[in-house]
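One structure is given here, and the rest of the page talks about it.
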């Protein structure tokens, strides 16, 4: 079974060369995989909460969609378990548009028969990632004043699942 390449190879923001068109001839990327993020909005979608907490990026980087989904699940599990589904609203504020590519280089005996080397080295799509700029909000959680500590704990869990360093910013909504 093929393993995922370590994400340190894709973490830095470089060129977003991933053109997708509804016309196949004009697409550089012929096929795209579906994003692994199941829900972008969870909790009570109808209620307006007085406090919002944001996970803000300290530097520009890329985050793979399975890392975002893992963080979302752990954060949502803590919020739903301790507050219940009606006392918070969580939103993943980034979408993984960027398509990651890999040019597999074969090594070993007989590799020269099926490996093209650096000829035709554009690569095949292996997944997708969200491109995050410095100061961009990745996730937001809205709660009441008495639940701010639980929301901070949940965002701290989210922070541990994704690459990079982040700040937790609290803001009172008007």
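In the numbering used here, the protein residues as written are -18 to 155. Heads up, the beta-carbon is just placed ideally off N, CA and C, and yes, glycines get one too.
Would you list, in sequence order, the uninterrupted alpha helix (DSSP H) runs of no fewer than 4 residues that lie entirely inside the region 60 to 139? 92 to 95
Determine, using beta-carbon pairs with one atom in the region 70 to 82 and one in the region 107 to 123, whether at least three such pairs fall under 8 Å. yes
Rounded C-beta distance between residue 40 and residue 77? I'm assuming under 8 Å. With 8 Å as the limit, residue 40 and residue 77 do not qualify as a contact, their Cβ atoms being about 18 Å apart.
Suppose the cutoff is 7 Å on Cβ atoms and the five residues either side in sequence are ignored; what does the same chain contact list for residue 22 look like? Counting only Cβ-Cβ distances below 7 Å, and skipping sequence neighbours, we find 72.
Residue 153 versus residue 36: straight-line alpha-carbon distance, rounded: 15 Å
Suppose you measure from the CA of residue 5 to the CA of residue 116; what does that come to, to the nearest Å? 36 Å
In angstroms, rounded to a whole number, what distance separates the CA positions of residue 91 and residue 13? 30 Å
In the structure shown, what three-state DSSP assignment does residue 55 receive? helix
Does the distance from the CB of residue 49 to the CB of residue 24 come in under 8 Å? no
Strand pairing of residue 19, partner residues [DSSP]: According to DSSP, which records beta bridges pairwise, residue 19 is partnered with nothing at all.
What's the C-alpha gap between residue 53 and residue 141? 11 Å
C-alpha gap between residue 127 and residue 34, whole angstroms: Distance from the CA of residue 127 to the CA of residue 34, rounded to the nearest whole angstrom, comes to 13 Å.
Taking 8 Å as the limit between beta carbons, can you name the residues of its chain near residue 129, skipping five residues before and five after? 32, 34, 151
According to DSSP, is residue 49 part of a helix, a strand, or is it coil? The answer is helix: DSSP assigns residue 49 an H, G or I state.
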